[in-house]
Structure formats: C-alpha cells, structure tokens
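Under the working numbering, the first residue of the sequence shown is numbered 12, with each subsequent residue one higher. For glycine and all other residues, C-beta sits at the position ideal for the given N, C-alpha and C. A quick note: this is a predicted structure, and the numbers were derived from the prediction, not measured.
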Amino acid sequence: MTTSQAIRERIAAQPAGEPFTPALFAELGSRAAIDQTLMRLTKAGHIERIGHGLYSVPKAGRFGIKAMPAPEKVAQVLAASEGATIEVHGAEAARRFGFSTQVPAQPVFYTTGSSRTVRLGKLVVRLQHVAPRKLALAGRPAGQALSALWYLGRHQVTPATFRRIAEKLPSLEFEALCKAKAMMPAWMVAALTSYERNEVVHA
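The structure is reproduced here in structure tokens:
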C-alpha cells in the first residue's frame, strides 16, 4: 500500500469534524509525502485545512453551515502533536469554580508546548505556553483547580479559596490537589496549609 493510500484509509476512519495534524500519519511515510497527500486531499475537498498544520474532515452543521471542531478538541490535538499537555486557562477555571463571573471572549488554553493561535471561523483559539509545574495535574478536575489558583494569584488565594474548591471537587481530586504541594509556590502552600490546620481544629 502506498503512503497516499494508507493516509486516505486513516482519514476515512476519522470522524467528521474531528481535527487532526500530520502527526497522525507519522509512521506511514516521509513528512514530504504526507504533506503532499494532504495538500491533494485538501484541493479535492476531501479534507479541510482549518489552521497551520491542522485539518479536519468537513462536517455540515445545521442549515448546511460548516461545523467547526470544538476549541478544546483543537487545543488537545495541537498539544498532542508535540507531546505537550493542556489545561483550560486560569480565567475560565476560576469561573468554573465560582471565583469569577467573567466569560473569556476567546478560548485560551495553557500548554507545556509552543504558544500558538488558530482561527476557527470567527473564533481564535490560543495556546499559551506556561511552566510545566503549572500543569502538573492537567486533564483532571484537580488540574483545573490548580489552574484557577495560579490565575487568582498571591493576593486572592486564601484558606477560604481552598474551602470553596474542596466543596466543588470530588474528595479524591481535592486530595490529589493537596498532594501536589511540591508543584506550588510558597504563597499557595501557605494558604493550603492554613486551610488544612483549620479543618483539623474544626473536625
């Protein structure tokens, strides 16, 4: 089977609307052969280039309007293509935990990989590089909590902040957050330790 045929078969198994990068075909041939095949398939309308190095199988939405992939899915695929992890931006994480009512205008995600932006119609999806320790728990509820804490910062994180997070998170997730002290800055550890002391006193 040629590289082109192998790529076509893999694309045929790809759900419509799901984003993918050339990394999906890495073992099927040289990068030049992969890029050439993707270019031909794009010109033929079999796939669509939705950003630099980012493609999807076209999917019709309601009223025949083209449906774009979910921003979080795009961010996950872009991060995975370079072996990186992602987490929602601290502003969105803080909103989810009830610390803010502000809805970010455009989807932004923290990543251990490269900073980059991708335009999806009118939306701009942005990946913002941060230090790996900020994403120590990425991909789970405790990771969103850590993201919110970093965003809130030294002057807003108090024992009461951790109390609210404890109320929102499943107990195992809050336990995972508490065990990640080695990844936290001193001010965050101080607030968490104070919360834990208060809990022992009131237990």
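For residue i, three-class secondary structure by DSSP
| i | result |
| --- | --- |
| Arg165 | coil |
| Pro30 | strand |
| Arg151 | coil |
| Phe120 | strand |
| Gly62 | strand |
| Thr14 | helix |
| Leu180 | coil |
| Glu93 | coil |
| Thr204 | helix |
Length of the line joining the Cα atoms of residue i and residue j
| i | j | result |
| --- | --- | --- |
| Glu210 | Pro170 | 10 Å |
| Ala193 | Ser182 | 20 Å |
| Lys54 | Arg174 | 55 Å |
| His57 | Pro69 | 7 Å |
| Gly64 | Pro115 | 26 Å |
| Ala43 | Arg19 | 16 Å |
| Gly40 | Ile22 | 15 Å |
| Val135 | Glu186 | 35 Å |
Close beta carbons around residue i, own chain, < 8 Å, minus the five adjacent residues each side
| i | result |
| --- | --- |
| Gly154 | Glu98, Leu146, Ala147 and Leu148 |
| Val168 | Leu160, Trp198, Met199 and Ala202 |
| Cys189 | Leu203 and Glu207 |
| Gln139 | His100, Val119, Phe120, Tyr121, Thr122 and Ser126 |
| Ala17 | Phe36, Leu39 and Gly40 |
Closest Cα partner of residue i within the set the options
| i | options | result |
| --- | --- | --- |
| Met195 | Arg51, Ser92 and Arg144 | Arg144 |
| Gly101 | Pro33, Pro152, Lys190 and Asp46 | Pro152 |
| Ser67 | Phe31, Ala191 and Gln87 | Phe31 |
| Ala47 | Pro82, Thr14 and Ile61 | Residue identity differs from the one stated: residue 47 is Gln in this sequence, not Ala. Closest by alpha carbon: Thr14. |
| Val88 | Leu134, Glu186, Gly62 and Thr112 | Gly62 |
Same chain only: Cβ atoms within 6 Å of residue i, ignoring 5 sequence neighbours per side
| i | result |
| --- | --- |
| Leu157 | Leu148 |
| Leu131 | Met79 |
Neighbourhood of residue i by C-beta distance below 7 Å, restricted to the same chain and skipping five residues each side
| i | result |
| --- | --- |
| Leu163 | Ala105, Phe110 and Thr172 |
| Glu103 | Pro115 |
Bridge partner(s) assigned by DSSP for residue i
| i | result |
| --- | --- |
| Gln139 | Tyr121 |
| Ser67 | Pro30 and Glu59 |
| Leu131 | Leu134 |
| Val99 | Phe120 |
Below-8 Å beta-carbon distance, residue i vs any chain C residue
| i | result |
| --- | --- |
| Pro152 | Chain labels in this structure do not include chain C; a single protein chain is all it has. |
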